[in-house]
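S.K.:
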Amino acid sequence: MTKHIYIDEYGTFLGKTSARLTISQGGQLQKEIALSRIKSINILKGGIALSSDLIEACSLRGIKLFFLDFKNIAHTSLSSTASHAVANVRRAQFLTIESDEAKEIARALILGKLKNQRTTLQYFHKYLKTTDKESIKLANAIEKIKQTSQSLKTIELKNRPDWLSIIMGKEGAVASIYFDAVGSELLYDLDFSHRIGRGADDIVNSALNYGYAILTSFVWQSVINAGLEPFAGVLHVNRPGKPSLVLDIIEEYRAWVVDRNIIKLKSHLKGKSFLDSTIKKKIIEEINATMNKKYLYNAKNLSLQSIMQRQVYRLTGAFMQQMPYKSYSFKW
């Protein structure tokens with residue numbers, strides 16, 4: 000099985016010996032991994048060194064290198080200049096972003112997010128019913144999200160200069176309903192009340208942010224493989240240093256891949272004031288397990304990692320105006 004490598008220990012040195020990644024600490028070799036088994040290397044903090052030989056080997060093999068800042072936000076991606084990105088794909092992407100088609104792609108992305116938020120609540124609601132802890136609030140949230148999704152699906156966006164505000168208004172309304180239900184019914188013993196992005200210091204938001212950062216590297220890799228421009232999206236503001244398209248695509252996966260796993264790990268978070276290495280390792284393990292798990296996709300059982308790549312290719316088709324984009328909806 001191919002692996003995504005995560006390095007978060009200060010003073011670690013990453014090198015290459017023959018066709019293997021070497022991981023050393025304090026001059027002592029800790030581990031060796033065949034480069035042929037690696038898909039990405041993720042540097043999760045400062046104070047970690049890499050050899051130029053390793054960087055070159057990763058480039059030649061198509062292994063992606065991602066760097067996260069101290070807030071667990073991915074800020075740098077290193078990939079080969081020999082990637083198969085082609086000019087006409089990015090040209091179509093840029094043209095579509097400025098066209099009416101961008102409105103429908105944006106709608107589809109957020110519809111996917113809302114559906115998967117609803118599915119995530121249904122997942123836990125079903126479990127609570129088996130333990131005689133029926134939650135009226137969860138049931139109401141599930142219904143409200145369904146109604147908002149229907150509203151977003153049918154609203155007319157053409158000739159509406161405020162189309163993005165309309166879409167994000169629906170997204171924001173559901174986020175409030177969703178996280179209120181999560182906090183009061185599923186994480187009630189962790190004092191979680193609402194989402195905080197950058198700068199969060201409570202354990203749940205810190206765990207969510209860490210999980211989203213891990214998810215970012217999976218999406219970013221898929222975007223690069225498809226030859227798309229990571230910094231030009233349809234939902235998030237395009238500005239220097241912001242991988243807008245990556246952030247757009249992440250939306251449909253957040254709830255199932257990250258939120259669901261963090262909720263399942265609540266016993267590990269209880270009583271903690273910060274993310275220690277044990278919790279981080281557990282989050283990485285659970286997200287990797289989800290990405291490697293097989294789900295039904297077009298009548299085939301594929302790993303979520305493969306599904307994500309196909310979804311990004313489908314988005315490429317939408318930019319090329321070959322097909323409409325449809326988000327992936329999780330089933331359980």
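In terms of numbering that gives the first Met the number 0, the sequence shown opens at residue 0 and continues consecutively.
The beta-carbon is built from N, C-alpha and C at its ideal position, and this holds for glycine as well.
Is the CB-CB distance between I96 and L77 below 8 Å?
M.R.: no
S.K.: Excluding the 5 residues flanking W255 on each side, which residues of the same chain have their C-beta closer than 6 Å to its C-beta?
M.R.: N115, T119, F329
S.K.: Would you call the region 148 to 162 in contact with the region 285 to 305, where contact means no fewer than 3 C-beta pairs closer than 8 Å?
M.R.: no
S.K.: Does A48 come out as helix, strand or coil in the three-state DSSP assignment?
M.R.: strand
S.K.: According to DSSP, is L156 helix, strand or coil?
M.R.: coil
S.K.: Beta-carbon of N139 versus every beta-carbon of chain C: anything under 8 Å?
M.R.: Absence of chain C from the displayed structure is noted, only one protein chain being present.
S.K.: What number of angstroms, rounded off, separates the C-alpha of G240 from the C-alpha of K63?
M.R.: 18 Å
S.K.: DSSP beta-bridge partners for I37?
M.R.: K2
S.K.: In the DSSP assignment, find the unbroken alpha helix (DSSP H) run with L268 in it and report its ends.
M.R.: 265 to 268
S.K.: Using a threshold of 7 Å, is the CB atom of R309 nearer than that to any non-hydrogen atom of the ligand PLP?
M.R.: Among the components modelled here there is no ligand, and therefore nothing to report on the ligand PLP.
S.K.: For N297, count the other beta carbons within 10 Å of its own beta carbon; 16 or more makes it buried, fewer makes it exposed. Which is it?
M.R.: exposed
S.K.: For the beta strand (DSSP E) that contains Y296, what are its first and last residues?
M.R.: 293 to 296
S.K.: Taking C-beta to C-beta, are F333 and N87 nearer than 8 Å?
M.R.: The chain is shown only over 0 to 331; residue 333 falls outside these bounds and no answer can be derived.
S.K.: Starting from the Cα of E8, find the closest Cα among I47, S305, K38, S39 and give me that residue.
M.R.: I47
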